[in-house]
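Written below as structure tokens is the structure these notes are about.
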Amino acid sequence: MSAGPTSVPRGAALLWQRARGQNTLWTFLVLLVLVAVFSALRPDAFATTFEFKSIAVESAILVVLAVGQTFVIVTSGIDLSVGSVLIFSGVVAVRTMNGLDSSPNPGIGVVLAGGAAGLLAGLLWGIFNGIWVAKAKVPPLIVTLGTLGIALGLAQILTHGVDVGNVPSSLANSVGSGSVLGIPWLTVVAVLVVALAALALNTTRFGRYTRAVGSNEEAAARVGIRVDRHLIKVYALSGLLSGLAGVLNLAHYSSTTLTSGAQDNLNAIAAVVLGGTSLFGGVGTVIGTVIGVFIPAVLQSGFTILQVQSFWQTVAVGAVLILAVYFDQLRRRRRSNR
Amino acid sequence: MSAGPTSVPRGAALLWQRARGQNTLWTFLVLLVLVAVFSALRPDAFATTFEFKSIAVESAILVVLAVGQTFVIVTSGIDLSVGSVLIFSGVVAVRTMNGLDSSPNPGIGVVLAGGAAGLLAGLLWGIFNGIWVAKAKVPPLIVTLGTLGIALGLAQILTHGVDVGNVPSSLANSVGSGSVLGIPWLTVVAVLVVALAALALNTTRFGRYTRAVGSNEEAAARVGIRVDRHLIKVYALSGLLSGLAGVLNLAHYSSTTLTSGAQDNLNAIAAVVLGGTSLFGGVGTVIGTVIGVFIPAVLQSGFTILQVQSFWQTVAVGAVLILAVYFDQLRRRRRSNR
Amino acid sequence: MAEPLLDARGLWKTYGQVEALRGAGFTVYPGEVVALIGDNGAGKSTLVKTLVGAVSPDEGEILLDGRPVTFAGPRDAQRLGIETVYQDLALAADLDAAANLFLGRERVRPGLLGAFGVLDKRGMREHSVAAFAELGVELKDIDAPVATLSGGQRQSVAIARSVAWASRVVFMDEPTAALGVLQRGRVLDLIRRVRDRGVSTVLISHNMPEVLAVADRVEVLRLGRRVARFRAADTTLDELVAAMTGALATEDEEEA
Amino acid sequence: MAEPLLDARGLWKTYGQVEALRGAGFTVYPGEVVALIGDNGAGKSTLVKTLVGAVSPDEGEILLDGRPVTFAGPRDAQRLGIETVYQDLALAADLDAAANLFLGRERVRPGLLGAFGVLDKRGMREHSVAAFAELGVELKDIDAPVATLSGGQRQSVAIARSVAWASRVVFMDEPTAALGVLQRGRVLDLIRRVRDRGVSTVLISHNMPEVLAVADRVEVLRLGRRVARFRAADTTLDELVAAMTGALATEDEEEA
Amino acid sequence: AGCGSSGGSGGSANGKSITFVAGNTGDPFYITMKCGAQAEASKLGEKFNATGSAEWNVPEQVSAVTSVTANRPAGVLISPVDPNSLQGPIRTLQSNGTKVAIVDTTLTDGSIGITRISSNNLQGGQKAADTMAQLVNGTGEVVVLTPDLTTTTTNARIQGFKQELSSKYPGLKIDDVRQVGDTAQGAASAVGDELSAHPGLVGIFTANSQTGEGVGTGLKNSGKQGSIKVVSFDAGPQQVAALKGGAVDALISQDPYGIGQQAVDQLVNALTKKPVNANIQTDLASITRDNVSDPSVARFLYKSDCSS
Ligand SMILES: Nc1ncnc2c1ncn2[C@@H]1O[C@H](COP(=O)(O)OP(=O)(O)OP(=O)(O)O)[C@@H](O)[C@H]1O
Ligand SMILES: Nc1ncnc2c1ncn2[C@@H]1O[C@H](COP(=O)(O)OP(=O)(O)OP(=O)(O)O)[C@@H](O)[C@H]1O
Ligand SMILES: O[C@@H]1[C@H](O)[C@H](O)OC[C@H]1O
Ligand SMILES: [Mg+2]
Ligand SMILES: [Mg+2]
């Protein structure tokens, strides 16, 4: 190619651009292959609407968490607190509902108020994280590891360590396990979150600042971006989404699931990175993250269906994680650098 | 100060050097304050040889893990697999011992062979991690998250998910719970590991390369340091120490503790960072890490002795983590940059 | 001479044991090109950073149009029309050249989309191509992250950005250090054009012929202090070098 | 002229859609100073990286003493006495200047301690102070991480390192770009002294007077290809600029 | 909260302190046991407090025991989460002069502790198998959900369940014994996959209260509530609600309150040099929708706090 008129590089640039957009291509192929293999092996059990639906539903909560995590990781941060904030928010939501009306089936107003309280609780934790990261300059890993403990401990104190199961059945039966037009509520919520988040990251100023901060915080500050405020917003978003996930979790399991969620953070991070977002910040996609959630989920379900001992699932998920990222790296390296 | 003869800056430099060496000063003060407070509140129970010994013993295993983690983090990597490798190595060690001699009290040779097998198992996992990180260029977080699953799954497969409790009593009674000259074996091993590791990081070529790689991998490669080999060595060290921790764990708990250890990785990372090692690599100390292990341990014990509800411990450990790192940052920022 | 546009006095800045600025002063008049020269480590970059709000001095005052100002950050300085090309460039390596040019000042789409912060990517890209062409820089791939550009290409991105937004002063910390002969000429032309627009330029450079060719005045920094000022027309290369190395001191800064 | 020490032919290197080298060649004779010049983005840094093993070319061959060599990494080149000052310096920012100077070649203590890799920190520090003094660089705090040094100080560290270890060729990619007048003079002196020691120097620079002052020969790169070679004594500034901008082409590289 | 409360009046009161170390402080089974122990302690005039970790976790329980040792209580009742790991620390505890009662789970060395009190878990498993056979008319595939395979009690239940099926109900086949962790969420998530994997599934047996809490949710989420029969060990409030709501069909319940009471009694006996009963087995009950409201089973329903 010559350095001639700008039209030639423009064409090439577009091609390249498109190729870069396909960072997630390989991981997507892995996902397809897994689905194909399991479908072939057990068409009766795996390739069924029931199973696809249940994978989609069981993954919805993690998708919501991982979307928030994507933004945080693009700023080159990390949020280990998502699982605890999820539980804390669920506790706040159900406590609010029970406080307003302790009957097993309170009105919609009470349920909405409880949901809002859960979201608010998540948002506040996010802001708390953001302030420590952005203003006090404590490394995100430390802040959110601290919040992990604090939020979980407080959730246990609020409940004396006993799961609250008194979840309004209207909530459990609608958002928790119900459907709209045949599509489970949880899936609907997750799809909405993904769509909005993808637009925000790719097309808006918010998304661009997120990348800029992750790319070079110093540079972003020097052009006048309020890096601290932006970081607070990003952590607040992750907190808010964890709060949402908490309300969904409460609805879905009809319980505050106090002792679960310890692995949620690592699962969310794995999904984000599996989806092609760089842990060094600056680069990432929301769609990639979604694929990154589904790969382990499909493996998990497929193995259970094939009745492979559950331990092998653990092994396989680990191996696929490494291999998928490896091939993705290979492909990218071949495409550009060195 | 003038830019005069070199002697003046040398003096100042020495001062500065010393101050920098005290990066861990603040966290050490936090530790002292905690010990003082608990001792004052319950001198009869807390400020006793028994309690100090117990804290030292219960922390020994985490110290060994965290020392390895320190080297990994100084290279700007991370090792999430330490807890699983610990369990895997314990399984290999006890299986080897039982395989060689299934009586409840086999000879010292058998015990040593089992211990060696455990160390070897850890070392191999470390090399495995290192190869994927250094040669295949998969991000360490992903590699070790993968290994976390693979090692744990394989440990469960080897045992069918049932804890092996058939630990030779000679091992359990010596290394596991015995003492030499009144000092518990576990403490002796941990102190040795810390001393050797501190020397290696501060005074040897191995330590300097570890910092150089963490500081600027590209630069290290360009001066001819074999970055890939060095990274493999560092991950191998972390694996070896996890293997050692696994053998100690087996001896101490007389069991393979299959379902524990999920939080070991985050605990080890928290200790390292609490100790002043930067997650961005290049900077870190082994002594700091030891302090970083003891702060949560002291909190935990103190609270249990004060009969504070265990949930408050979780909250307090989280809060201290954030605050300790915050004050440390403050102090450092005041001392140098901007 | 006219009233100074920017006047700094008695600036001190200490990093650990190192005193980077020891009572430094600096003056910029409206519509002039002033060169700031000095040995390596003299404190030039530190001085510039304090003048544009990127670093806060330990002591000293900065007057803008005769009134004292304090900048909480670069944003404050930018709002007053002060832009900077940093020696270390400070670009967001993962973003492309156009995104860097508009960073912090993105154009949004008209209407509702704009209210949601949706970017006008196309408009910004077109504007950028033109801005780079003016500097004689050809980017083979306008969508490539700036991390993949050559040293000179990156420097041009930083220069184009500062010039696009400055209305009063542009600080350029060794802007031509990595530039080719052609591009260096373009930048010097650009500096002159910017001055003709009424915007002052502060040029840091170790290239004395370049300094003498483009600057109206020269201020010299040595060991964290201003030691001399010259009218470019009245001075010589040897005099400048003498001032920098301490062989000649025309003035010694007032103690802070 | 003598047999070339290093001779590269038909080097190609593509990054994504960008062809950084398009059949470039380059020659270094023993004991000479040869300048490599060219516009921004011409491919100079890429060419140097391929010649010192930091980047592997897609195509082309490199002859050392007439025999083809391939470098798996910079280590291979260093073993043959080839050292480099990279344009982006490539220092370990958290280590001090002495540690950077000796990086990859640490001195260890004598005896058993040495066998365990225990470093002779003191010896290395003393040697470093002397090496920096030779370059006219004064580090106010020899134990400070290089991250805290000024641009010129950092460049000096990189230069001192390369010169200390080279036995055959030193490549310097814009080594003087950030240097003060004094330091620049010292580096040019140093280059001459290195040549007198029999070590060849390849100097990349955009400063034509500097090139003409120190180089024996000049090779010109344009759009990834060698387009001209000159004896410095026989050429002029205008001729060099013409070659770089394409106004004059004395040779066109053989297609690879 | 949750810490010391003391009586002060009552019989042989000498204000000795008794500590309870639970396996999982959030499990209604252990909460109920704590309530029983606390009530008995205050009746006898002893000081009481409870500790343990929020999760089923060996190192956490070991360090809890160590810290308890530093406090030198007179008596401890503990449910060891691992049969081997806790032996050392409990021996140390004993050698420091504390009397120890082993409750619920057991240790490999049966000589540790002054007494061992638990349900007959093997028999409980058999009971579960009989109930399941009745519910599904003796034919079909069943799966077992258990927290892990390292806990003595749940292992005994599974063993009893298996034995009974193979000896009495050849038509019932166990398709899978799945470890889902000691959380309700783990069990709930596994149910959907098990349903896909075993289209012929007729029943699920869950081995303890956490897994029992999750199974109802899991069935509801997959819309299979009622069509799959569920027999669940333990009777926490959520399990009882699921039983009443039709997601679960039978509960094999223990008497944790009684275990707690009896353990305190035995400890006080030991401390006051009265005869001690070295092994005690407590009752089990089979609860269905038919008898769940009977006053006779009331003591087999667990609590989530001592006031209810
Ligand atoms: N962030 C920092 N931390 C510690 N010391 C610093 C820092 N920034 C600058 N210094 C020190 O302050 C002094 C002045 O540095 P500065 O970068 O301002 O010099 P300069 O005049 O721009 O030099 P050059 O021409 O080499 O760019 C140097 O000795 C440098 O080491
Ligand atoms: N790692 C890379 N990835 C993608 N493109 C690259 C990379 N390195 C260099 N390039 C491209 O190759 C071309 C040549 O770059 P190079 O750095 O060799 O130029 P140069 O002659 O050294 O320029 P300068 O004088 O500005 O330093 C440029 O267009 C640059 O964008
Ligand atoms: O009996 C105990 C009870 O079932 C609890 O729920 O889990 C652990 C068991 O030991
Ligand atoms: Mg500077
Ligand atoms: Mg270059």
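Protein sequence lines, in the order shown, are assigned to chains A, B, C, D and E. End of the first sequence sits at 342 in the working numbering; the numbers just go up one at a time, nothing left out. End of the second sequence sits at 342 in the working numbering; the numbers just go up one at a time, nothing left out. End of the third sequence sits at 753 in the working numbering; the numbers just go up one at a time, nothing left out. End of the fourth sequence sits at 753 in the working numbering; the numbers just go up one at a time, nothing left out. End of the fifth sequence sits at 470 in the working numbering; the numbers just go up one at a time, nothing left out. Note that beta-carbon positions come from the ideal geometry of N, C-alpha and C, so glycine has one too. Values in this document were obtained by computation on a predicted structure and should not be read as measured data.
In this structure, residue 281 (chain E) sits away from residue 265 (chain E), with a CB-CB distance that is not shorter than 8 Å. Not one heavy atom of ligand 1 lies closer than 7 Å to the C-beta of residue 269 (chain A).
For residue 285 (chain E), the shortest C-beta to heavy atom distance toward ligand 3 is 7 Å or greater. Residue side-chain check: residue 510 (chain C) keeps its Cβ at 7 Å or more from all non-hydrogen atoms of ligand 5. The beta carbons of residue 76 (chain B) and residue 242 (chain B) sit about 5 Å from each other, so the pair counts as a contact at 8 Å.
Scanning chain B for C-beta atoms nearer than 7 Å to the C-beta of residue 310 (chain E) yields 165, 263, reported in chain order.
Ligand 2 has a heavy atom closer than 7 Å to the beta-carbon of residue 646 (chain C). The beta carbon of residue 532 (chain C) sits closer than 6 Å to those of 700, 708, 712, 715, all from its chain and outside the five residues before and after it, given in chain order.
Between residue 681 (chain D) and chain B, the shortest Cβ-Cβ separation is not below 8 Å.
In terms of side-chain proximity, the C-beta atom of residue 323 (chain E) is found no nearer than 7 Å to any non-hydrogen atom of ligand 3. In the three-state reduction of the DSSP assignment, residue 648 (chain C) falls in the helix class, which pools H, G and I.
Within 9 Å of the CB of residue 186 (chain B), no CB atom of chain A is found; the nearest one sits about 35 Å away. About 14 Å separates the beta carbons of residue 290 (chain E) and residue 462 (chain E), which is beyond the 8 Å limit, so they are not a contact pair. At a threshold of 7 Å, residue 396 (chain E) counts as near ligand 3, since its beta carbon sits closer than that to one of the ligand's heavy atoms.
Judged by the Cβ position, residue 553 (chain D) fails to qualify as a neighbour of ligand 2 at the 7 Å threshold, every heavy atom of the ligand being at least this far. As DSSP reads the structure, residue 187 (chain B) sits in a beta bridge with B:184.
Under the DSSP assignment, residue 302 (chain E) falls outside any alpha helix (DSSP H), being part of the beta strand (DSSP E) whose first and last residues are 302-308.
Where residue 399 (chain E) is concerned, the enclosing alpha helix (DSSP H) starts and stops at 399-407. According to the DSSP assignment, residue 136 (chain A) belongs to the alpha helix (DSSP H) that extends over 112-138.
Closer than 7 Å to some heavy atom of ligand 4: that does not describe the Cβ of residue 653 (chain D). The DSSP-derived three-state label of residue 457 (chain E) is helix. Per DSSP, reduced to three states, the secondary structure at residue 512 (chain D) is strand.
Annotation: residue 625 (chain C) to residue 652 (chain C) spans about 14 Å, alpha carbon to alpha carbon.
Take the alpha-carbon of residue 678 (chain C) and the one of residue 667 (chain C): they are about 22 Å apart. Per DSSP, reduced to three states, the secondary structure at residue 507 (chain C) is strand.
Residue 656 (chain C) counts as buried, since no fewer than 16 other beta carbons sit within 10 angstroms of its beta carbon. Contact of residue 216 (chain E) with chain B is assigned, a C-beta pair being separated by under 8 Å.
Contact between residue 220 (chain E) and residue 244 (chain E) is confirmed by a C-beta separation of about 5 Å, below the 8 Å threshold.
At least one C-beta of chain B is nearer than 8 Å to the C-beta of residue 613 (chain D). In the three-state reduction of the DSSP assignment, residue 589 (chain C) falls in the coil class.
In this structure, ligand 4 has no non-hydrogen atom nearer than 7 Å to the beta-carbon of residue 546 (chain C). Look at the region 549-636 of chain C and you find these whole runs of beta strand (DSSP E), each 3 residues long or longer: 556-561, 564-566, 579-582. With fewer than 16 other Cβ atoms from the protein chains shown falling within 10 Å of its own Cβ, residue 301 (chain E) counts as exposed. Relative to ligand 3, the beta carbon of residue 372 (chain E) is positioned inside 7 Å of a heavy atom.
For residue 330 (chain E), no CB of chain A lies under 8 Å from its own CB, so it is not counted at the interface with that chain. Sorting B:298, B:240, B:238, B:239 by C-alpha distance to the C-alpha of residue 33 (chain B) places B:298 at the top.
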